[in-house]
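In UniProt numbering, the protein residues as written are 1 to 159.
Here is the structure we will look at, set down as structure tokens.
Take a look at the structure:
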């Protein structure tokens with residue numbers, strides 16, 4: 001691992017801890033793992049692969065978007081409800097296939113979730129179904145009977 005690569009990973013861990021909470025950086029980018037960074041033409045980190053799986057993308061806005069592998073790492077490492085939106089049985093096949101989660105089917109959500117946050121969508125049994133961007137706040141997801149709650153980027157069956 002080159003010096004610049006190690007420094008980039010340290011910086012990315014700090015950003016992950018800021019975005020998702022303490023411990024997220026180590027969960028997403030473990031020190032002892034085989035980590036590969038793809039870079040933009042300017043040299044900025046773009047995609048982060050851990051053990052060959054895309055864990056995150058690093059946007060120009062300085063925020064991460066999760067891949068399913070990253071969602072799994074985050075979900076397993078952080079508090080059980082951190083950045084989690086739970087949906088009912090009827091949504092399981094759709095979300096795991098990469099389709100969006102709708103407010104009508106949300107059964108619970110981390111109260112800290114705001115519109116625009118990266119979230120893990122899980123089913124009633126606690127299995128990760130997909131990852132995506134919250135379109136509503138947690139309160140709105142639970143209150144609304146219509147509308148998209150999470151724009152799912154990748155379903156667990158798609159990886």
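For each residue, glycine too, the CB sits at the ideal point set by N, CA and C.
Check: Residues near residue 14 in its chain [Cβ-Cβ closer than 8 Å; skip 5 each side]; Outcome: 25
Check: Residue 142 - DSSP class collapsed to helix/strand/coil; Outcome: helix
Check: Residue 38, enclosing beta strand (DSSP E) - first and last residue; Outcome: 35–39
Check: Where residue 1 falls: helix, strand or coil (DSSP); Outcome: Low per-residue confidence applies at residue 1: pLDDT is 43, beneath 50, and the placement is therefore not dependable, though the value from the model is reported in the following sentence. Correct three-state label for residue 1: coil.
Check: Contact between the region 45–52 and the region 112–121 (3+ Cβ pairs under 8 Å); Outcome: no
Check: In chain order, each beta strand (DSSP E) run of at least 3 residues that lies wholly inside the region 21–108; Outcome: 35–39, 45–50, 53–58, 64–66, 84–87
Check: Enclosing beta strand (DSSP E) for residue 118 [first to last residue]; Outcome: 118–122
Check: Proximity below 9 Å, CB of residue 81 to CB of residue 123; Outcome: no
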